[in-house]
Every structure is written in structure tokens, then in C-alpha cells.
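Colleague:
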Amino acid sequence: MKKIICLLLFCISFSMMGQSKESDFFNFFKGGNNYKKPVKYVLFDNSAGDGKKEVDNKIYFYMGGETFIFDAKINKMDTCLVEKFKFTFDKSEDLQQKAYQFYKEKKQIEERKMKLKNPILYPVTDYSPYFKIYVFEKTNKNTLLKYEVDWIYSSF
């Protein structure tokens, strides 16, 4: 009986810890607090002028001045039904502004924890590491392809 309980606890602990990957978090500086990346969903619409280019095992999505890349070796692709999808889509043009607001909020929290009187000037080079982004492509009437992508170019 003891062995079964220990095995059960062991399995539960691994399943709970195995849900999040290291790439789901970011920090402002080495040794700083880790923050979970918010998930954003973007709809790829070929009729609205969005572009898609496939090179080797990579798919490049060009939407609203932003570039997203899906690498089959690193990222995952999945399918889902339109009826079961309960999330709202963000516009790719608005991602940069939302990333700026998110960065600003987390930076203020970090400064309060450090009890600083003057704000720290973090050198922002890019807002792309602050979101986990999924691009959805409609394949037919009720099916969507879900690509986990990296935001490689923002109009920053």
C-alpha cells in the first residue's frame, strides 16, 4: 500500500511540474523574478492581405507589419474546431502596444519590489519576448490550424 501511495504522489508531482516550459516565462534581468508570458491568439487571414511563406521546415507569417515564424523542429502545430474555440483573437497590429503596456506594468512591479525611488531604465530592444503567441489559420468551415510561433520582427 505504501508503494502505491508513493508512486501516486510521484506521478502527480511530475504531472503538475511538467505543464509549464521554461520558454513560457521571462525575466527582466539575470537572477530577476520570472513572469509568465500572457498568451495571445492571432488569426491569419489571407484575404486581408496577410502573407505566408514556407521555407524548409519553417513557415513565415506576415501580418500587419509583424513577422511570426513557425519552426517545425521547435514549435508545435495542432488542429481545433471553431465551435470549441472560446478565446478572442488579437490584431497583430495591436500586439506591440499591448506588449508595451504589459512591459510597463511588470517593470513598475519590479521597481516596487526593489524599493527604488527613481525608475530603472531597462534598455528595451524588442517587445517580442513578452508574449506567447499562437497563429490560427482557417482550413475549412469548422477547422483551424493552430501554430505556436515566435514573434521575430516587430515594427518597434
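Heads up: the sequence shown begins at 442 in our numbering, then just goes up one per residue.
Backbone N, C-alpha and C fix where the C-beta goes; we use that ideal spot for every residue, glycine too.
1. How about Lys477 and Asp465: are their beta carbons less than 8 Å apart?
2. Using alpha carbons as the reference points, say which of Leu522, Asp535, Asp512 and Asp486 lies closest to Lys582.
3. Report, in whole angstroms, the separation of the C-beta atoms of Tyr588 and Met504, which I expect to be a contact under 8 Å.
4. Can you tell me the Cβ-Cβ gap for Ile510 and Ile593, rounded? I've got them flagged as a contact below 8 Å.
5. Measuring CB atoms only, is the stretch 486-500 touching the stretch 536-550, in the sense that at least three cross pairs come out at less than 8 Å?
6. Lys514 by DSSP, collapsed to three states: which one?
7. Could you spell out where the beta strand (DSSP E) holding Phe577 opens and where it closes?
8. On the premise that Pro479 lies in contact with Phe572, defined as a C-beta separation below 8 Å, what is that separation, rounded to the nearest angstrom?
9. By DSSP's criteria, Asp519 is part of a beta bridge. Which residues make up the other side?
10. Since I believe Val590 is in contact with Ser533 (beta carbons under 8 Å), could you give me their beta-carbon distance rounded to a whole number of angstroms?
11. Please report the straight-line C-alpha distance between Lys527 and Thr584, rounded to a whole angstrom.
Modeller: With the given structure in hand:
1. The count along the sequence shown starts at 1 and reaches residue 477 at position 36. The count along the sequence shown starts at 1 and reaches residue 465 at position 24. Taking 8 Å as the Cβ cut-off, Lys477 and Asp465 qualify as a contacting pair.
2. Taking the sequence shown and counting its residues from 1, the one referred to as residue 582 is at position 141. The shortest C-alpha separation from Lys582 is found at Leu522.
3. The residue labelled residue 588 in the question sits at position 147 within the sequence shown. The residue labelled residue 504 in the question sits at position 63 within the sequence shown. About 12 Å separates the two Cβ atoms, so there is no contact after all.
4. Counted from its first residue, the sequence shown places residue 510 at position 69. Counted from its first residue, the sequence shown places residue 593 at position 152. About 5 Å; that satisfies the 8 Å criterion.
5. no
6. Residue mapping note: residue 514 aligns to position 73 of the sequence shown, counting from 1. Three-state DSSP puts Lys514 in coil, outside helix and strand.
7. In the sequence shown, counting from the first residue as 1, residue 577 sits at position 136. Its beta strand (DSSP E) spans residues Lys573 to Asn581.
8. Here residue 572 refers to the residue found at position 131 when the sequence shown is read from its first residue. Here residue 479 refers to the residue found at position 38 when the sequence shown is read from its first residue. Right, the Cβ-Cβ distance comes to about 6 Å (below 8 Å), so this counts as a contact.
9. Counted from its first residue, the sequence shown places residue 519 at position 78. Answer is Lys587.
10. For the purposes of this step, residue 533 is taken as residue 92 along the sequence shown, with counting starting at 1. For the purposes of this step, residue 590 is taken as residue 149 along the sequence shown, with counting starting at 1. Contact flag wrong, Cβ pair sits at about 11 Å.
11. The residue given as residue 527 occupies position 86 in the sequence shown. The residue given as residue 584 occupies position 143 in the sequence shown. Near 14 Å, if we compare the C-alpha coordinates of Thr584 and Lys527.
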